[in-house]
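Structure first, then comments.
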Amino acid sequence: MIHTEGAKPRTVAVSGNMVMGRAAECDLPLDDTFVSQQHARLFAKNGSWYVEDLGSTNGTFVNDQRLGAPAMVQPGDRVRVGATVMELRR
Numbered sequence: 089m090i091h092t093e094g095a096k097p098r099t100v101a102v103s104g105n106m107v108m109g110r111a112a113e114c115d116l117p118l119d120d121t122f123v124s125q126q127h128a129r130l131f132a133k134n135g136s137w138y139v140e141d142l143g144s145t146n147g148t149f150v151n152d153q154r155l156g157a158p159a160m161v162q163p164g165d166r167v168r169v170g171a172t173v174m175e176l177r178r
């Protein structure tokens with residue numbers, strides 16, 4: 089589930105390696121002025137999901153903790169990039 093302030097929430101299927109950001113060529117393009125062109129990446133490794141910041145200006149947060157390194161995420165975790173909040177679900 090993805091929610092950006094002022095926009096209707098939407099659901100997106102996650103697969104493989106997904107780059108999110110403002111750039112149109114991102115796997116998950118976000119219309120959010122607080123998001124960098126290529127902001128963060130969601131990826132699978134050894135059967136688990138991880139998110140990492142790609143050097144964004146405003147940072148990437150998991151459950152309100154700013155990332156300094158890739159972090160494992162699980163269903164129910166909230167990932168925030170800019171004003172966009174994503175909640176992982178099965």
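Using our numbering, read the sequence shown as starting at 89 and increasing by one per residue.
C-beta atoms are modelled at their ideal positions from N, C-alpha and C, and glycine is treated no differently.
- Own chain, CB closer than 6 angstroms to Ser124, minus 5 neighbours either side, in chain order: Gly109, Ser144, Thr145
- Span separating the alpha-carbon of Ala159 from that of Ala132: 11 angstroms
- Item | Own chain residues within Cβ distance below 6 angstroms of Leu116, not counting five before or after | Met106, Met108
- Three-state secondary structure (DSSP) of Arg98: Note: Arg98 maps to strand in three-state DSSP.
- From which residue to which residue does the beta strand (DSSP E) around Phe149 run? 148-150
- Take Ser136 as the anchor and find which of Gln153, Gln162, Met174 has the nearest alpha-carbon. Gln162
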